[in-house]
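Peer 1:
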């Protein structure tokens with residue numbers, strides 16, 4: 001797998017989770033509307049309707065928080081996997097593309113040069 005494919009697969013995975021989150025939240029809203037309509041049709045009191053709405057909002061926030069956490073965890077896992085992928089490619093680079101040992105760890109510029117060399121290598125192969 002190359003870098004572009006990896007990034008694409010990550011984007012698709014996040015998009016899928018976001019779509020599922022929207023579906024789950026919409027399903028919960030639909031259930032709430034149905035329950036509210038049924039309660040009102042039965043002549044439920046204002047207090048009963050208010051309690052139903054409070055419960056819905058609580059359930060909605062819990063569900064949204066769970067999905068947000070799940071998506072954040074996925075993004076963090078992807079970040080670690082991306083870093084691991086880049087590091088493994090960096091280890092496979094021919095010595096001619098690696099920065100001189102004297103410049104490693106001396107700031108940001110050598111690191112950017114290494115990344116530029118990495119991308120040059122990836123797109124040539």
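Residue numbers (the numbering used here): 1 to 125.
Don't be surprised by glycine CBs; every beta carbon is placed ideally from N, CA and C.
Expressed to the nearest angstrom, what Euclidean distance is found between the alpha-carbon atoms of residue 30 and residue 56?
Peer 2: Residue 30 and residue 56: Cα-Cα distance of roughly 11 Å.
Peer 1: Figure out for me which residue from 18, 32 and 50 has the closest Cα to the Cα of residue 64.
Peer 2: For residue 64, the nearest C-alpha among the options comes from 18.
Peer 1: How many angstroms separate the CA atom of residue 53 from the CA atom of residue 66?
Peer 2: Near 20 Å, if we compare the C-alpha coordinates of residue 66 and residue 53.
Peer 1: Look at residue 70 and residue 21 and say whether their C-beta atoms are less than 9 Å apart.
Peer 2: Going by C-beta atoms, residue 70 is nearer than 9 Å to residue 21.
Peer 1: Helix, strand or coil for residue 42 per DSSP?
Peer 2: Residue 42: coil per DSSP, three-state reduction.
Peer 1: Inspect the CB distances between the stretch 1-12 and the stretch 76-90 and report whether three or more fall short of 8 Å.
Peer 2: The stretch 1-12, when compared against the stretch 76-90, does touch it at the 8 Å Cβ threshold.
Peer 1: For residue 12 versus residue 74, is the C-beta distance shorter than 9 Å?
Peer 2: No, they are not a contact pair.
Peer 1: Run through DSSP, which three-state label would residue 93 get?
Peer 2: DSSP places residue 93 in coil when its eight states are reduced to three.
Peer 1: So, are the CB atoms of residue 33 and residue 49 less than 9 Å apart?
Peer 2: The answer is no: Cβ separation not under 9 Å.
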